[in-house]
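*Asks:* Chains as they are written, first to last, in the numbering used here: chain A, 5 to 510; chain B, 222 to 837.
A virtual CB, placed ideally from N, CA and C, is assigned to each residue, including glycine.
1) Between the beta-carbon of residue 291 of chain A and the beta-carbon of residue 314 of chain A, is there less than 8 angstroms?
2) Mind listing which residues of the stretch 772-793 of chain B have their C-beta closer than 7 angstroms to chain A's C-betas, in chain order?
3) Look at the alpha carbon of residue 645 of chain B and the alpha carbon of residue 505 of chain B, and state the distance between them as a whole number of angstroms.
4) To the nearest angstrom, report how far apart residue 453 of chain B and residue 345 of chain A are at their CA atoms.
5) Within 10 angstroms of its Cβ, does residue 160 of chain A collect 16 or more other Cβ (buried), or is it exposed?
6) Counting only C-beta atoms, is residue 770 of chain B closer than 8 angstroms to chain A at any point?
7) Take residue 174 of chain A as the anchor and find which of A/190, A/228, A/140 has the nearest alpha-carbon.
8) Interface residues of chain B around residue 435 of chain A at Cβ under 7 angstroms?
9) Tell me whether residue 233 of chain B is buried or exposed, calling it buried when 16 or more other Cβ atoms sit within 10 Å of its Cβ.
10) If you run the structure through DSSP and keep just helix, strand and coil, what is residue 512 of chain A?
11) Spell out whether any CB of chain A is found under 8 angstroms from the CB atom of residue 522 of chain B.
12) So residue 322 of chain A and residue 288 of chain A are supposed to be a Cβ contact under 8 angstroms. How far apart are they, rounded?
13) Can you give me the C-alpha to C-alpha distance between residue 279 of chain A and residue 484 of chain A, rounded to a whole angstrom?
14) Check for me: the beta strand (DSSP E) holding residue 761 of chain B runs from which residue to which?
15) According to DSSP, is residue 495 of chain A part of a helix, a strand, or is it coil?
16) Are there three or more Cβ pairs, one per stretch, closer than 8 angstroms when the stretch 386-403 of chain B is compared with the stretch 458-469 of chain B?
17) Consult DSSP for residue 249 of chain B and reduce its assignment to one of helix, strand or coil.
18) For residue 99 of chain A and residue 156 of chain A, which I take to be in contact (beta-carbon distance under 8 angstroms), what is that distance rounded to the nearest angstrom?
19) Please list the partners that residue 294 of chain A has in chain B, where partner means a Cβ-to-Cβ separation under 8 angstroms.
20) Measuring alpha carbon to alpha carbon, tell me which of B/533, B/300, B/328, B/401 ends up nearest residue 673 of chain B.
21) Kindly indicate which three-state DSSP category residue 497 of chain B falls into: helix, strand or coil?
22) Closest by CA to residue 371 of chain A, which one among A/352, A/387, A/218?
23) On the criterion of 16 or more Cβ atoms from any shown chain inside 10 Å, does residue 667 of chain B qualify as buried, or is it exposed?
24) Would you check if there are 3 or more beta carbon pairs closer than 8 angstroms linking the stretch 645-658 of chain B to the stretch 553-561 of chain B?
25) Got a sec: is the Cβ-Cβ distance from residue 1 of chain A to anything in chain B below 8 angstroms?
26) Please report how far the alpha carbon of residue 63 of chain A lies from the alpha carbon of residue 199 of chain A, in whole angstroms.
27) Using a Cβ-Cβ distance cut-off of 8 angstroms, determine whether residue 293 of chain B contacts chain A.
28) For a quick check, are the C-beta atoms of residue 469 of chain A and residue 348 of chain A less than 8 angstroms apart?
29) At the level of alpha carbons, what is the spacing between residue 713 of chain B and residue 516 of chain B?
30) Quick check on residue 27 of chain A: does DSSP put it in helix, strand or coil?
31) Buried or exposed: where does residue 410 of chain A fall if 16 or more other Cβ atoms within 10 Å of its Cβ makes it buried?
32) When burial is assigned at 16 or more other CB atoms within 10 Å of the CB, is residue 318 of chain A buried or exposed?
33) Determine contact between the stretch 234-253 of chain B and the stretch 352-369 of chain B, defined as no fewer than three beta-carbon pairs at a distance below 8 angstroms.
34) From what residue to what residue does the alpha helix (DSSP H) around residue 280 of chain A run?
35) Of all Cβ atoms in chain B, is any one closer than 8 angstroms to the Cβ of residue 333 of chain A?
36) Could you work out which residues of chain A lie near residue 396 of chain B, taking near to mean beta carbons separated by less than 7 angstroms?
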């Protein structure tokens with residue numbers, strides 16, 4: 005049992021123990037959940053050293069049979085692609101516990117058990133190397149989120165939870181069918197093995213077969229991302245979820261989709277991925293612009309941030325399907341950036357909600373006068389979100405757009421307009437909520453941040469600056485892993501593309 | 222090592238101290254950190270530059286790799302060459318004077334610490350901008366100064382007009398920044414690097430092998446960025462509104478330094494522009510159109526700061542004209558002299574506004590000559606400088622531009638001269654309306670304190686004598702000697718135009734004060750159009766802003782999201798319900814049932830797929 009197995013075990017065990025704790029002592033439950041999540045975070049840092057040393061291969065690999073027939077294996081490992089996503093998940097969980105400290109007063113035990121169980125699920129998705137195991141964790145992560153929205157959400161929580169569940173289930177059913185098809189053709193669910201078999205020619209999909217399989221996986225991933233026009237579950241889910249639910253949903257769960265594209269779709273169906281890149285890029289760019297425009301006119305803060313996620317995740321999908329080093333590096337980096345800055349936005353909106361009990365922008369105004377530090381943190385986070393240099397999102401957007409320009413300048417032109425609109429919707433939000441005179445209700449209820457709130461916001465702000473100024477802390481393992489992915493995708497490159505690549509490499 | 226990084230690090234430290242602890246610090250300490258940090262920065266610039274002279278080639282310091290992806294790499298690198306040296310001196314020198322002035326001007330304002338924190342942050346980013354050794358580090362400064370501009374325009378955040386103006390500035394600049402970014406991407410893809418040395422080295426060495434259309438496109442895209450930051454047509458609309466900010470901000474950011482960043486960037490990219498005569502032509506025409514357009518608007522405005530704001534737009538147009546005709550060093554020369562006299566005009570206007578308790582309308586001034594004599598004297602110095610009266614600073618740089626324009630194409634010169642006449646007219650119109658005649662307001666004017674008048678005095682000396690800093694000569698190794706026409710008659714004509722403008726202003730506003738109204742009435746529609754700034758803001762609102770906002774709300778959100786996509790989703794649900802009672806279980810809301818469905822559905826899919834798979 006290595007570090008990675010322990011990392012999966014602790015949150016699962018933690019969730020069970022939480023359930024067994026006495027129900028009349030919410031303080032104990034919170035402290036225990038905080039302790040467990042902090043331990044998981046600290047342990048996860050241990051992954052960094054070995055993975056950085058050899059990011060293109062799987063570290064901490066465990067590969068033992070789980071079910072004999074059909075042959076399903078417990079095969080996990082972590083590489084340059086999954087490393088930071090795992091750490092992002094473990095980093096945000098203690099913050100989610102802290103942000104719920106006062107906010108969640110009902111069924112505290114169950115809430116924290118679900119939160120830890122969710123952590124178990126998402127780590128599992130990021131490290132699973134067996135397709136069936138991947139699917140199991142995929143579904144495992146779905147259930148606690150359903151309950152987090154459905155039990156602790158706002159007024160329309162049931163509608164939102166069901167919509168979330170059905171949307172995602174529709175996708176995963178197709179993904180499962182595709183996995184089983186692959187198993188019947190190859191006799192294994194093992195992802196590295198499948199990639200190997202494809203490389204050596206032991207396994208060959210017909211073009212039509214690959215196309216259907218690619219589409220089945222793609223639909224599941226695209227719903228999760230969510231890619232325009234499959235995004236309409238997201239504003240509802242975010243609008244209704246409690247703060248911690250929104251944070252985990254936006255920062256981690258959405259990444260399962262984009263992660264799946266890079267981890268599963270590109271290596272297994274490289275030709276199909278290339279053939280479909282055109283319309284996927286079109287949808288990604290449409291989502292970038294559409295998400296930003298619709299975010300601009302939202303009267304509700306959380307829905308605004310939700311639509312902004314549609315826009316930001318469009319950048320990730322765009323980067324992936326440019327099949328360029330810069331694009332793919334930027335896409336993976338943007339997954340992390342979005343996790344940090346959008347997580348922070350949801351937290352800050354949550355802090356406002358706890359004070360004023362409203363998510364309507366029109367109910368605010370003048371927060372800057374009564375809560376200057378809260379406002380300052382919000383402005384910094386907004387600036388990160390709109391991609392100001394020296395803050396995190398800039399690096400990801402820059403690389404994605406560079407990759408897009410390398411593929412076709414028009415892609416960068418169109419996607420770049422999203423950067424303009426992001427400034428419009430964020431600054432307009434800031435102006436309406438934080439500037440101007442403060443109405444009575446704001447003056448009475450909105451106070452500045454307390455110690456606990458500082459403790460949960462500051463780490464995020466530090467990461468925004470760190471990831472913006474020193475991206476080389478994080479990028480090298482990502483970059484090496486994505487080079488390997490690109491080699492798989494571009495093994496039989498179209499002649500024109502290869503000429504471009506060569507020209508660029510000079 | 223000359224530790225160039227210390228130059229921006231001082232104001233950054235000032236920003237951090239005042240930004241974090243300023244609320245609890247006494248004013249003298251805030252001043253010490255805010256002004257002291259800029260002073261240290263200025264002194265460090267002097268030390269570095271004296272150590273580096275004669276600075277015949279660029280001096281570079283590399284700190285760390287910022288972003289690397291595959292073969293593409295960008296370092297956090299600074300460099301100094303003669304162009305940087307000039308900019309460093311202007312930014313830290315004029316910046317220091319404006320910081321000192323602000324101690325007096327902002328003394329009674331709420332948010333004193335916040336003001337100085339932002340101002341220091343601006344200095345940091347501006348210095349990063351001019352020290353950058355590659356386009357991406359320049360872009361850090363570029364975006365950073367835009368941020369500070371946004372924060373400082375909206376400094377009075379209780380006023381909606383102020384926060385609107387800040388937002389407008391940021392968004393309009395974002396449009397330009399997209400152009401800049403695209404230019405960077407094309408540069409990176411064409412040259413494999415964003416390093417100035419690498420890009421320009423290859424541009425010069427392999428100019429024959431490069432696709433001229435690509436180079437032209439890069440130059441035009443960079444120009445789009447420059448039109449945003451330096452307020453050129455069609456993106457100039459944010460600058461007049463930016464006057465909502467405190468006056469020292471208008472002087473530092475929106476006159477002397479930040480708005481010249483676009484000029485600096487184009488001059489920096491001279492090796493690329495030199496390869497594209499077509500792009501140069503566009504630069505010149507954009508500059509000329511801007512110069513004329515803004516000057517005409519300046520003729521009619523009554524807000525003293527807006528007059529000077531349009532003047533700034535117009536003067537920046539002059540600089541672009543110079544860039545476009547290849548007179549890079551004349552453009553930089555005009556950056557320098559303009560920094561002196563325009564900072565002085567704004568700070569002087571600030572002193573007037575301060576004296577009148579916040580009044581900015583020229584119609585409510587008049588006769589202040591005797592009441593605030595120091596302010597009057599320094600403003601007069603700035604006015605003769607900008608009007609191009611020899612031997613004061615503006616005369617030297619403006620003449621360098623006009624002569625270069627004549628050498629390129631005489632019509633550029635003639636339009637430039639006409640603009641010079643308008644410039645002299647509107648500046649002296651402001652002077653006469655403000656200081657001559659009798660006082661029309663009801664405040665009790667009082668002269669500003671020494672902490673304000675002292676920087677004004679220094680700037681007045683620089684405005685008068687700054688033309689003798691021979692910037693073109695100093696920059697000749699970088700840009701080559703300017704090939705201006707050397708014709709005494711041309712010099713005489715442009716000076717005469719300036720003096721003529723002054724005399725006309727005297728006639729209109731001192732000798733025969735009823736004349737302007739009569740002319741305005743005669744011209745009627747034309748006058749109203751110019752007075753309302755050609756309705757450009759209204760046109761942008763009607764053609765761009767409102768359609769995007771309303772279309773997003775009504776069409777995208779209201780129809781596409783709610784009706785089309787969600788309609789389809791809910792339609793599927795409705796279909797299921799209609800299909801019969803059994804299928805209604807789908808919508809039950811019980812997670813146990815869903816779980817059962819998942820299991821059943823999965824099993825069914827497994828069975829089907831296994832069956833099909835087995836058949837093959």
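*Replies:* In this structure, then:
1) The residue given as residue 291 of chain A occupies position 287 in the first chain. The residue given as residue 314 of chain A occupies position 310 in the first chain. For residue 291 of chain A and residue 314 of chain A, yes; Cβs fall inside 8 angstroms.
2) Cβ contacts with chain A come from 773, 774, 777, 778, 782, 786, 787, 790.
3) To locate residue 645 of chain B, count along the second chain from 1; it is residue 424. To locate residue 505 of chain B, count along the second chain from 1; it is residue 284. If you take the alpha carbons of residue 645 of chain B and residue 505 of chain B, they lie about 22 angstroms apart.
4) Along the second chain, read from residue 1 onward, the residue named residue 453 of chain B stands at position 232. Along the first chain, read from residue 1 onward, the residue named residue 345 of chain A stands at position 341. Between residue 453 of chain B and residue 345 of chain A, the alpha-carbon positions lie close to 34 angstroms from each other.
5) Locating residue 160 of chain A in the first chain gives position 156, counting from the first residue. Classified as exposed, residue 160 of chain A has fewer than 16 neighbouring CB atoms from the shown chains inside 10 Å of its CB.
6) For the purposes of this step, residue 770 of chain B is identified with residue 549 of the second chain, where counting begins at 1. Residue 770 of chain B counts as touching chain A.
7) Looking up residue 174 of chain A in the first chain gives position 170. Checking every option, the nearest Cα to that of residue 174 of chain A belongs to A/228.
8) Looking up residue 435 of chain A in the first chain gives position 431. By Cβ distance, chain B contributes 384, 388.
9) Sequence index remark: in the second chain, residue 233 of chain B carries index 12 (1-based). Its Cβ being crowded by 16 or more others within 10 Å, residue 233 of chain B is buried.
10) Because residue 512 of chain A is not part of the residues shown, which for chain A are 5 to 510, the question remains open.
11) As a working mapping, residue 522 of chain B is identified with position 301 in the second chain. The beta carbon of residue 522 of chain B sits no closer than 8 angstroms to any beta carbon of chain A.
12) Counting from one through the first chain, the residue named residue 322 of chain A turns up at place 318. Counting from one through the first chain, the residue named residue 288 of chain A turns up at place 284. Between residue 322 of chain A and residue 288 of chain A, the beta carbon gap of about 4 angstroms places them in contact (Cβ cut-off 8 angstroms).
13) Position 275 of the first chain, counted from the start, is the residue given in the question as residue 279 of chain A. Position 480 of the first chain, counted from the start, is the residue given in the question as residue 484 of chain A. Answer to the nearest angstrom: the Cα atoms are 25 angstroms apart.
14) Within the second chain, numbered from 1, the residue matching residue 761 of chain B stands at position 540. Careful: residue 761 of chain B lies outside any beta strand (DSSP E), inside the alpha helix (DSSP H) at 757-761.
15) Residue 495 of chain A sits at position 491 when you count from the first residue of the first chain. Reduced to three states, the DSSP call for residue 495 of chain A is coil.
16) Yes, the stretch 386-403 of chain B is in contact with the stretch 458-469 of chain B.
17) Reading the second chain from its first residue, position 28 is the one you call residue 249 of chain B. Note: residue 249 of chain B maps to helix in three-state DSSP.
18) Stepping through the first chain from its first residue, residue 99 of chain A is reached at position 95. Stepping through the first chain from its first residue, residue 156 of chain A is reached at position 152. Not a contact, Cβ separation roughly 17 angstroms.
19) As a first step, residue 294 of chain A must be located in the first chain, where it is residue number 290. Within 8 angstroms Cβ-Cβ: 777, 781.
20) As a position in the second chain, residue 673 of chain B is number 452, starting the count at 1. Just measuring C-alpha positions, the residue of B/533, B/300, B/328, B/401 sitting nearest residue 673 of chain B is B/328.
21) Translated into positions along the second chain, residue 497 of chain B becomes position 276. Residue state, collapsed to three classes: coil.
22) Against the first chain, residue 371 of chain A aligns to sequence position 367. Taking only the C-alpha atoms, the option nearest residue 371 of chain A is A/352.
23) To locate residue 667 of chain B, count along the second chain from 1; it is residue 446. Residue 667 of chain B should be labelled exposed.
24) No, the stretch 645-658 of chain B is not in contact with the stretch 553-561 of chain B.
25) With chain A represented from 5 up to 510, any question about residue 1 of chain A goes unanswered, as that position is not in the structure.
26) Mapped onto the first chain, residue 63 of chain A falls at position 59. Mapped onto the first chain, residue 199 of chain A falls at position 195. Answer to the nearest angstrom: the Cα atoms are 17 angstroms apart.
27) Mapped onto the second chain, residue 293 of chain B falls at position 72. Taking Cβ atoms only, chain A reaches closer than 8 angstroms to residue 293 of chain B, which makes this a yes.
28) Along the first chain, one-based indexing puts residue 469 of chain A at 465. Along the first chain, one-based indexing puts residue 348 of chain A at 344. No, the pair does not count as a contact, with Cβ atoms beyond the cut-off.
29) Translated into the one-based positions of the second chain, residue 713 of chain B becomes position 492. Translated into the one-based positions of the second chain, residue 516 of chain B becomes position 295. If you draw a straight line from the Cα of residue 713 of chain B to the Cα of residue 516 of chain B, it is about 21 angstroms long.
30) By one-based count along the first chain, residue 27 of chain A stands at place 23. DSSP, reduced to helix, strand and coil, places residue 27 of chain A outside both helices and strands of the structure shown, so it counts as coil.
31) By one-based count along the first chain, residue 410 of chain A stands at place 406. Residue burial is scored here from C-beta neighbours: residue 410 of chain A has at least 16 other C-beta atoms within 10 angstroms and is therefore classed as buried.
32) Stepping through the first chain from its first residue, residue 318 of chain A is reached at position 314. Buried.
33) The stretch 234-253 of chain B is not in contact with the stretch 352-369 of chain B.
34) Numbered from its first residue, the first chain carries residue 280 of chain A at position 276. 274-300 is the span of the alpha helix (DSSP H), which, as asked, contains residue 280 of chain A.
35) Along the first chain, one-based indexing puts residue 333 of chain A at 329. Yes - at least one Cβ of chain B is within 8 angstroms of the one on residue 333 of chain A.
36) For the purposes of this step, residue 396 of chain B is identified with residue 175 of the second chain, where counting begins at 1. Within chain A, the residues whose beta carbon sits less than 7 angstroms from that of residue 396 of chain B are 424, listed in sequence order.
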